[in-house]
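Line by line, the protein sequences are chains A and B.
The end of the first sequence is residue 204 by this note's numbering, with every number in the run present.
The end of the second sequence is residue 204 by this note's numbering, with every number in the run present.
For every residue, glycine included, the Cβ atom is placed at its ideal position computed from N, Cα and C.
Working notes, beginning with the structure itself.
There are 2 protein chains.
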Amino acid sequence: MFSKACEYAIRAVVYIASETDETKKVGIQEICDHIEAPQHFTAKILQTLSRKHIVNSQKGVNGGFFLDSVQKKKSLKNIVEAVDGDQVFVGCGLGLKQCSETKPCPIHNQFKDIRNRLTKMMESTTIDALAIRLLKGESVLMQTK
Amino acid sequence: MFSKACEYAIRAVVYIASETDETKKVGIQEICDHIEAPQHFTAKILQTLSRKHIVNSQKGVNGGFFLDSVQKKKSLKNIVEAVDGDQVFVGCGLGLKQCSETKPCPIHNQFKDIRNRLTKMMESTTIDALAIRLLKGESVLMQTK
DNA sequence: TTAATAAAAGACAAAATTGTCCTTAATTAA
DNA sequence: TTAATTAAGGACAATTTTGTCTTTTATTAA
Chain A
60 MFSKACEYAI
70 RAVVYIASET
80 DETKKVGIQE
90 ICDHIEAPQH
100 FTAKILQTLS
110 RKHIVNSQKG
120 VNGGFFLDSV
130 QKKKSLKNIV
140 EAVDGDQVFV
150 GCGLGLKQCS
160 ETKPCPIHNQ
170 FKDIRNRLTK
180 MMESTTIDAL
190 AIRLLKGESV
200 LMQTK
Chain B
60 MFSKACEYAI
70 RAVVYIASET
80 DETKKVGIQE
90 ICDHIEAPQH
100 FTAKILQTLS
110 RKHIVNSQKG
120 VNGGFFLDSV
130 QKKKSLKNIV
140 EAVDGDQVFV
150 GCGLGLKQCS
160 ETKPCPIHNQ
170 FKDIRNRLTK
180 MMESTTIDAL
190 AIRLLKGESV
200 LMQTK
């Protein structure tokens, strides 16, 4: 469904949201320790997200990544689009470039419904909602406890 | 969502279903011409599907690929599982190996719903239903007209 | 039996994705 | 101002996916 990069991105952002605000940051090492993701690869992904203002970063002593209150209100869809693009939300299920209502692929209508539901789900799920549940211990980000 | 291999697989199988039966076959060249897929790559995929009895194949003069009436009644889910495996139907949205009801990832429930709907959709969509619509001109398999 | 045909199979090659390592730039505490 | 710290950035490597080409095997029509 999503690329590895996108999976790491969502996990990293939710973790950052759960641990930071305008006054408190976390470093890449701590992030990756808590989401079990490759450090340098994840750092690259967070660079992208930082450039797109989905996360904030600060270099130097006491630097790190953080999300402010505005960023925490954003939806998961923003993260996915920043990392994987929008094909998962709008693309044809069979990879046809010109799939449309007038020239539909064989599964056009069925697939459109799934895609639209996925889109709505990702739009209506906010980063902070997930961060709060994580803090309550109602969800996990690591493969192994 | 699906790999390129899986997209080609579905397109190829629907085309084969629309053109063949126990008495009539199509060759790999004709298949690929009609679904705009790379010939040798698609041939490999069809070998896999043939080994898994999702399509039939016959070597030699007047050989080719075909689907019998039993195979045409199968669902798309079989094709996807044969090519991409079952992760798209059962895997965690964030790539956690140990995501479960008791240790859910942050989007576990929302994602499970999407996954289940996708599964049902692919289970309830049969190859012959798509082949029939294709024959009626109600859907297309090519990128360009 | 032979020649033609068509899928199977294997060897590669290209491209994309994933992952690692090292250097650079920015920041701050001392 | 200096040293320590931390993200940014670039180069590169490994792996996976996608795609191509050639040879082999099976089948059948002549």
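* Sorted by chain position, which residues of the same chain lie with C-beta nearer than 8 Å to C65/A's C-beta, five sequence neighbours on each side aside? -> Numbered from its first residue, the first sequence carries residue 65/A at position 6. Within the same chain, C65/A has close Cβ partners I138, V139, V142 and D143.
* Asked: DSSP puts V85/A in a beta bridge; with which residues?
  -> Here the question's residue 85/A lines up with position 26 in the first sequence. Answer by DSSP bridge pairing, in chain order: F124/A.
* Asked: Which one or two residues does DSSP pair with D80/A in a beta bridge?
  -> Along the first sequence, read from residue 1 onward, the residue named residue 80/A stands at position 21. Assignment of beta-bridge partners to D80/A by DSSP yields K83/A.
* Within its chain, find whatever has a CB closer than 6 Å to the CB of K131/A; leave out the 5 residues flanking it on each side and keep chain order. => Sequence index remark: in the first sequence, residue 131/A carries index 72 (1-based). Correct list, in chain order: A76, I186 and D187.
* Exposure label - H112/B; buried when at least 16 CB within 10 Å -> To locate residue 112/B, count along the second sequence from 1; it is residue 53. Under this definition H112/B is an exposed residue.
* Asked: Whose C-alpha, out of F100/B, F61/B and K136/B, is nearest the C-alpha of K179/B?
  -> Taking the first residue of the second sequence as 1, we reach residue 179/B at position 120. Measuring from the Cα of K179/B, the nearest candidate turns out to be K136/B.
* Asked: Beta-carbon separation of T79/A and L126/A under 8 Å?
  -> Along the first sequence, read from residue 1 onward, the residue named residue 79/A stands at position 20. Along the first sequence, read from residue 1 onward, the residue named residue 126/A stands at position 67. Their beta carbons are under 8 Å apart, which means T79/A touches L126/A by this criterion.
* What are the residues that DSSP puts in a beta bridge with T101/A? -> Along the first sequence, one-based indexing puts residue 101/A at 42. Paired residues: none, contrary to the question.
* Reducing DSSP to helix, strand and coil, say where Q146/A ends up. => Numbered from 1 along the first sequence, position 87 holds the residue referred to as residue 146/A. DSSP places Q146/A in helix when its eight states are reduced to three.
* I173/A beta carbon less than 8 Å from that of I173/B -> As a working mapping, residue 173/B is identified with position 114 in the second sequence. As a working mapping, residue 173/A is identified with position 114 in the first sequence. Against a cut-off of 8 Å, the Cβ pair of I173/A and I173/B comes out as a contact.
* Rounded C-beta distance between G154/B and K63/A? I'm assuming under 8 Å. -> One-based indexing of the second sequence puts residue 154/B at position 95. One-based indexing of the first sequence puts residue 63/A at position 4. Right, their Cβ atoms sit about 7 Å apart.
* Asked: Could you give the C-beta distance for G123/A and V85/A, rounded to a whole number, given that I count them as a contact under 8 Å?
  -> Residue mapping note: residue 123/A aligns to position 64 of the first sequence, counting from 1. Residue mapping note: residue 85/A aligns to position 26 of the first sequence, counting from 1. Right, their Cβ atoms sit about 5 Å apart.
* Give the straight-line distance between the Cα atoms of K204/B and R176/B, rounded to the nearest whole angstrom. => Against the second sequence, residue 204/B aligns to sequence position 145. Against the second sequence, residue 176/B aligns to sequence position 117. Unreliable placement is indicated for K204/B, whose pLDDT of 45 sits below 50; the coordinate value is still reported in the next sentence. Looking at the two C-alpha atoms, the distance is approximately 31 Å.
* To do: From the DSSP output, in three-state form, read off S198/A for me.
  => As a working mapping, residue 198/A is identified with position 139 in the first sequence. Collapsing the DSSP output to three states places S198/A in coil.
* Asked: Considering only residues of the same chain and omitting the five flanking positions on each side of I191/A, which have a CB-CB separation below 6 Å?
  -> For the purposes of this step, residue 191/A is taken as residue 132 along the first sequence, with counting starting at 1. In its chain, beyond the 5 residues on either side, no residue has a beta carbon closer than 6 Å to the beta carbon of I191/A.
* Under 8 Å by Cβ, that's how I've got T101/A and I90/A pegged, so tell me the actual separation to the nearest angstrom. => Locating residue 101/A in the first sequence gives position 42, where the first residue counts as 1. Locating residue 90/A in the first sequence gives position 31, where the first residue counts as 1. Indeed they touch by this definition, with Cβ atoms about 7 Å apart.
* Establish whether the CB of V147/B and some CB of chain A are separated by less than 8 Å. => Position 88 of the second sequence, counted from the start, is the residue given in the question as residue 147/B. Chain A contact via Cβ: present.
* To do: Taking only beta-carbon positions, decide if P163/A is within less than 8 Å of chain B.
  => Residue numbering aside, residue 163/A sits at position 104 when the first sequence is read from its first letter. Contacts with chain B at 8 Å (Cβ-Cβ) include P163/A.
* **Unbroken alpha helix (DSSP H) run spanning S183/A, endpoints** => The residue you call residue 183/A lines up with position 124 of the first sequence. Boundaries of the alpha helix (DSSP H) harbouring S183/A: H167 to S183, taken from the DSSP string.
* Quick one: does G123/B have its CB under 8 Å from some CB of chain A? -> The residue labelled residue 123/B in the question sits at position 64 within the second sequence. Not a single CB atom of chain A sits nearer than 8 Å to the CB of G123/B.
* To do: Give the range of the beta strand (DSSP E) segment to which Q157/A is assigned.
  => Within the first sequence, the letter at position 98 stands for residue 157/A. Element bounds for Q157/A: n/a, residue is neither H nor E.
* Alpha carbon of L105/A to alpha carbon of E160/A, nearest angstrom -> On the first sequence, position 46 is the one that residue 105/A refers to. On the first sequence, position 101 is the one that residue 160/A refers to. Cα to Cα, L105/A sits roughly 37 Å from E160/A.
* For S134/B, which three-state DSSP category applies? -> Within the second sequence, residue 134/B is the residue found at index 75, counting from 1. Strand.
* Using a Cβ-Cβ distance under 8 Å, would I110/B count as near chain A? -> Numbered from 1 along the second sequence, position 51 holds the residue referred to as residue 110/B. Note that residue 110/B is Arg in the sequence shown here, rather than Ile. For R110/B, the nearest beta carbon of chain A is not closer than 8 Å to its own beta carbon.
* Asked: For Q169/B and chain A, any beta-carbon pair shorter than 8 Å?
  -> Mapped onto the second sequence, residue 169/B falls at position 110. Closer than 8 Å to some Cβ of chain A, the Cβ of Q169/B qualifies, so yes.
* Taking the alpha-carbon positions, what's the L193/B to S128/B distance? -> The sequence position of residue 193/B within the second sequence is 134, counting from 1. The sequence position of residue 128/B within the second sequence is 69, counting from 1. Going by the C-alpha atoms only, they are around 17 Å apart.
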